[in-house]
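Participant:
Chains as they are written, first to last, in full-length UniProt numbering: chain A, 1 to 131; chain B, 1 to 385; chain C, 1 to 277.
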């Protein structure tokens, strides 16, 4: 009696724990293609190299926001010698200033990874709001 | 020991079920607040704290009131409190959990609450309040549990609990002092800017907490086989009496200073509460009710004949509990914010949703209290029986 | 080696916690060290055109503030900082099901008050009627001893080296202790998402999320670009902003030539906003 109950419980547990795997069986899970804007292509280099950016852009943004808000430093000379405005969305040398298409650059990957960064609760996409 | 909590009468389960229902409804309303923001409350730009913080302040007092059984028993070996000390400690636990829940319910960004630990700020009284509240909660859980466990096994509690018990006494005073410091250190709020605030908070706490404990003793006596003892209840009612007199006395000290000095910024708040200001007087009936209730409470406790009347005493305690609740929650918070620093009058009343969420917190507290009291009384029944 | 089952379980529990904590510790180490080491040679700096001061202050010439000027100033501030206007009818398509507003929950950074409210402790029954009706602009005083900064439990409100009292909207937990602490009623809380009530977005400044406190930032974002604050630009010379600690500054010149008062000076918060009477 208790043996059966334990086995049934284990089955339920394993099934629940493996939910993400069996739920996604059969779906298409190809990683999205990121489209670089013309401007970004022309610039060739971002703040950090591509893979570092991909993995650590959130830490970099976290660091930036503290500098801008708390220390009033707004300019960033990167290790590769390029200058950036430490801003997500304002100005030509901000993130969105170069990566002009938020939907094709930021959102695609965020949606795929199922993250909803709360940046956009406050920061606006200049293209969107000035329409 | 926790297994005791899952063995109960039908009434016990109906009561828990009712509390869980309230909690569920309140949680649904809280989801609305979580998604849409504090717009669902009656708070405003001018009255930026409301029902949540009001109840928080009052319940810190109820929690601190537990020390009124701890001091006589542990410091003065007052044996009659032996049976109810654990009840006082468990009441503190439940109250503190409610306090913390009210704070979280009041936050605009509850998901960021750990920022208080991530960026500790010793110059903020809120930081210290968090420290003492959690410290006192921890102390009471550990002490209550260990002492009860020892009683169940009929052994002496471990010796390390003794220093913790002594430590819990300054912590009890501390939680309410620091809570008063939240208010009384703010330069622009004449109503709170008074050194009597912390003593007054403590006085009203030592009236509200023990009077609630008396009520709980009556309930325990009715619903279980455990008898907290009439002498203990009588001593508690004397404590309530003195504390209540002190509370009213401190209030009159404040009234004297404010109205004899005639400083407008200080007078305006008390005028608003008791007489209305510029045609706004939503709290006037409440404040007078509070005063009348507290005076009736004093009358009924000072006279030995009334105090020792077993049927009358619970009603007296209810009067006092309501009176001090109005005084310290409704009046204390709204009174401080009205009129605002620019002398505009913006009144405050909680919305229905705000009240439901508050009831949910209270239901959670009562649920915890019920379970803890069930443990305590069952263990005491076992030991005696 | 007799180990009780209980002590074995304890040991197992402790090691499980340790194993569980290891990746977390590693993650923290990466988060704090990773970007930093990559950026170790990176340099952060001000923009060259940024305006700076030892202690920013504001002088408002009350004789130059007319109804029109006051309105223009309030509007300029609203536009510059995406401050919601609760009288604005939300776009039904973009924000369906927006609930009705409670005007008591409005947001203001700079606004008009009459003398007896701007300076309530200087209430005077014989004050001439013409002074009673004058518009006074009130805003955050960027106090030297700011009670809000002292009260904030997360340093989300802080005082910058140049005297500006700022809000870090990323860090604010919405406890509203600063609102209770401010003796000037200068702070507003976002009781709801402000976006439906913004008619025209300024892309150069973020909006706010619900649940955080906000207030005047002395246009820190404009000073950083070498621009004057929005209120100064709109004020037709009635508002001047400058360095209070520089004896040569325009604000000091104004204070030397005129009689100026500050709000609730007796509280000792040392406001940095002066009113030339």
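No residue lacks a Cβ here, since even glycine has one placed at the ideal position from N, Cα and C.
How would you call residue 214 of chain C, buried or exposed, if buried means at least 16 neighbouring beta carbons within 10 angstroms?
Facilitator: Position 214 of the third chain, counted from the start, is the residue given in the question as residue 214 of chain C. By the neighbour-count rule (16 or more Cβ atoms within 10 Å), residue 214 of chain C is buried.
Participant: Mind checking residue 354 of chain B: buried by the 16 CB within 10 Å criterion, or exposed?
Facilitator: Along the second chain, one-based indexing puts residue 354 of chain B at 354. Counting Cβ neighbours within 10 Å, residue 354 of chain B comes out buried, since at least 16 surround it.
Participant: Quick one: measure Cβ to Cβ for residue 41 of chain B and residue 351 of chain B, integer angstroms, because I've assumed they're closer than 8 Å.
Facilitator: The count along the second chain starts at 1 and reaches residue 41 of chain B at position 41. The count along the second chain starts at 1 and reaches residue 351 of chain B at position 351. About 6 Å separates the two Cβ atoms, so the contact holds.
Participant: Along chain C, in chain order, which residues have C-beta atoms closer than 9 Å to that of residue 189 of chain B?
Facilitator: For this step, residue 189 of chain B is matched to residue 189 along the second chain. Under the 9 Å cutoff, chain C gives 180, 181 and 183.
Participant: Should residue 87 of chain C go down as buried or exposed, given a rule of 16 or more other Cβ atoms within 10 Å for buried?
Facilitator: As a position in the third chain, residue 87 of chain C is number 87, starting the count at 1. Classification of residue 87 of chain C: exposed, given that the 10 Å Cβ count is below 16.
Participant: Which full runs of the alpha helix (DSSP H) of 4+ residues lie inside the region 82–134 of chain B, going along the chain?
Facilitator: Complete alpha helix (DSSP H) runs here, min 4: 85–106 and 115–118.
Participant: At what residue ranges does the region 97–178 of chain C contain a whole run of the beta strand (DSSP E), taking only runs of 3 or more?
Facilitator: Within the region 97–178 of chain C, the complete beta strand (DSSP E) runs of at least 3 residues are 110–113, 136–139, 157–159 and 165–167.
Participant: Under the assumption that residue 124 of chain B contacts residue 150 of chain C (Cβ atoms under 8 Å), give the Cβ distance between them as a whole number of angstroms.
Facilitator: Sequence index remark: in the second chain, residue 124 of chain B carries index 124 (1-based). Sequence index remark: in the third chain, residue 150 of chain C carries index 150 (1-based). Between residue 150 of chain C and residue 124 of chain B the Cβ distance is about 7 Å, and since that is below 8 Å, they are a contact.
Participant: On the CB-based measure, 16 or more other CB atoms within 10 Å of its CB, does residue 202 of chain C come out buried or exposed?
Facilitator: In the third chain, residue 202 of chain C corresponds to position 202, counting from 1. Buried.
Participant: Is it true that the CB of residue 122 of chain A sits closer than 8 Å to the CB of residue 32 of chain A?
Facilitator: Position 32 of the first chain, counting from 1, holds the residue named residue 32 of chain A. Position 122 of the first chain, counting from 1, holds the residue named residue 122 of chain A. Against a cut-off of 8 Å, the Cβ pair of residue 122 of chain A and residue 32 of chain A comes out as no contact.
Participant: Please return the same chain residues whose Cβ sits closer than 8 Å to the Cβ of residue 261 of chain C, not counting the five positions on each side in sequence.
Facilitator: For this step, residue 261 of chain C is matched to residue 261 along the third chain. These residues qualify, in order along the chain: 119, 274, 275 and 277.
Participant: When the Cα atoms are used, what is the spatial distance from residue 22 of chain C to residue 80 of chain C?
Facilitator: Indexing the third chain from 1 puts residue 22 of chain C at position 22. Indexing the third chain from 1 puts residue 80 of chain C at position 80. Because the pLDDT of residue 22 of chain C is 49, which lies under 50, any placement of that residue in the model is unreliable, and the number read from its coordinates should be weighed accordingly. Approximately 47 Å between the Cα atoms of the pair.
Participant: Determine whether the Cβ of residue 121 of chain A lies closer than 8 Å to any Cβ atom of chain C.
Facilitator: In the first chain, residue 121 of chain A corresponds to position 121, counting from 1. At least one chain C Cβ lies under 8 Å of residue 121 of chain A.
Participant: Return the CA-CA distance between residue 46 of chain A and residue 49 of chain C, expressed in angstroms with no decimal places.
Facilitator: Along the first chain, one-based indexing puts residue 46 of chain A at 46. Along the third chain, one-based indexing puts residue 49 of chain C at 49. Cα to Cα, the separation comes out at about 24 Å.
Participant: From the DSSP output, read off the bridge partner residues of residue 77 of chain A.
Facilitator: Counting from one through the first chain, the residue named residue 77 of chain A turns up at place 77. Answer is A:83 and C:43, bridged to residue 77 of chain A.
Participant: Comparing alpha-carbon positions, which option in B:346, B:317 and B:318 lies nearest residue 279 of chain B?
Facilitator: As a working mapping, residue 279 of chain B is identified with position 279 in the second chain. The option with the nearest alpha carbon to residue 279 of chain B is B:346.
Participant: Excluding the five sequence neighbours on either side, which residues of its own chain have a C-beta within less than 8 Å of the C-beta of residue 321 of chain B, listed in chain order?
Facilitator: Along the second chain, one-based indexing puts residue 321 of chain B at 321. Taken in chain order, the residues that qualify are 208, 211, 212 and 215.
Participant: Can you tell me whether residue 51 of chain C is buried or exposed, with buried defined as 16 or more other CB within 10 angstroms of its CB?
Facilitator: If you number the third chain from 1, residue 51 of chain C lands on position 51. When all chains shown are included, residue 51 of chain C counts as buried.
Participant: Chain B partners of residue 171 of chain C, CB-CB under 8 Å?
Facilitator: Counting from one through the third chain, the residue named residue 171 of chain C turns up at place 171. Near residue 171 of chain C (Cβ distances below 8 Å), the residues of chain B are 112, 115 and 119.
Participant: Strictly by DSSP, which residues pair up with residue 344 of chain B?
Facilitator: On the second chain, position 344 is the one that residue 344 of chain B refers to. For residue 344 of chain B, which the question treats as bridged, DSSP gives no partner whatsoever.
Participant: Between the region 80–90 of chain A and the region 35–50 of chain A, are three or more C-beta pairs nearer than 8 Å?
Facilitator: Cβ pair count under 8 Å is three or more, so yes.
Participant: Would you please verify whether the beta carbon of residue 332 of chain B is less than 8 Å from any beta carbon of chain C?
Facilitator: Here residue 332 of chain B is taken as the residue at index 332 of the second chain, counted from 1. Output row for residue 332 of chain B: interface = no.
Participant: Check whether the region 315–334 of chain B and the region 292–305 of chain B touch, using three or more Cβ-Cβ pairs below 8 Å as the test.
Facilitator: Enough Cβ pairs lie closer than 8 Å, so yes.
Participant: Based on the DSSP secondary-structure assignment, which residues constitute the bridge partners of residue 85 of chain C?
Facilitator: Position 85 of the third chain, counting from 1, holds the residue named residue 85 of chain C. DSSP output for residue 85 of chain C lists no bridge partner at all.
Participant: For residue 76 of chain B, which three-state DSSP category applies?
Facilitator: Residue 76 of chain B sits at position 76 when you count from the first residue of the second chain. Correct three-state label for residue 76 of chain B: helix.
Participant: Tell me the rounded alpha-carbon separation between residue 162 of chain C and residue 55 of chain C.
Facilitator: Counting from 1 along the third chain, the entry for residue 162 of chain C is found at position 162. Counting from 1 along the third chain, the entry for residue 55 of chain C is found at position 55. Looking at the two C-alpha atoms, the distance is approximately 5 Å.
Participant: Would you check if the region 26–41 of chain B and the region 179–187 of chain B touch, i.e. whether three or more CB-CB distances between them fall below 8 Å?
Facilitator: No contact exists between the region 179–187 of chain B and the region 26–41 of chain B.
Participant: Whose CA, out of B:158, B:113, B:310 and B:272, lies closest to the CA of residue 231 of chain B?
Facilitator: Here residue 231 of chain B refers to the residue found at position 231 when the second chain is read from its first residue. Per the Cα distances, B:310.
Participant: Pull up the CB-CB distance for residue 152 of chain C and residue 182 of chain C, whole angstroms please, since I reckon it's below 8 Å.
Facilitator: Translated into positions along the third chain, residue 152 of chain C becomes position 152. Translated into positions along the third chain, residue 182 of chain C becomes position 182. In fact, because the Cβ distance is near 11 Å, the residues do not count as touching under 8 Å.
Participant: Residues in its own chain within less than 6 Å of residue 35 of chain A by CB, not counting five upstream and five downstream?
Facilitator: In the first chain, counting from the first residue as 1, residue 35 of chain A sits at position 35. So the list reads 104, once near-sequence residues are dropped.
Participant: If I'm right that residue 60 of chain B touches residue 219 of chain B with Cβ under 8 Å, what's the distance once you round it to whole angstroms?
Facilitator: Numbered from its first residue, the second chain carries residue 60 of chain B at position 60. Numbered from its first residue, the second chain carries residue 219 of chain B at position 219. About 23 Å; that fails the 8 Å criterion.
Participant: Of the choices B:72, B:48, B:338 and B:94, whose alpha-carbon is the least far from that of residue 107 of chain C?
Facilitator: Along the third chain, one-based indexing puts residue 107 of chain C at 107. Cα-wise, what sits closest to residue 107 of chain C is B:48.
Participant: How should residue 109 of chain C be labelled, buried or exposed, when 16 other C-beta atoms within 10 angstroms of its C-beta is the threshold for buried?
Facilitator: Here residue 109 of chain C is taken as the residue at index 109 of the third chain, counted from 1. The residue in question, residue 109 of chain C, is buried, as its Cβ has 16 or more Cβ neighbours within 10 Å.
Participant: Between residue 73 of chain A and chain C, is there a C-beta pair that is closer than 8 Å?
Facilitator: Numbered from 1 along the first chain, position 73 holds the residue referred to as residue 73 of chain A. Cβ-Cβ to chain C under 8 Å: yes for residue 73 of chain A.
Participant: Around the Cβ of residue 13 of chain A, are there at least 16 other Cβ atoms within 10 angstroms (buried) or fewer (exposed)?
Facilitator: For the purposes of this step, residue 13 of chain A is taken as residue 13 along the first chain, with counting starting at 1. So residue 13 of chain A ends up on the exposed side.
Participant: Taking the alpha-carbon positions, what's the residue 3 of chain B to residue 376 of chain B distance?
Facilitator: What you label residue 3 of chain B is simply residue 3 of the second chain in a count that begins at 1. What you label residue 376 of chain B is simply residue 376 of the second chain in a count that begins at 1. Each residue's Cα considered, the two are about 12 Å apart.
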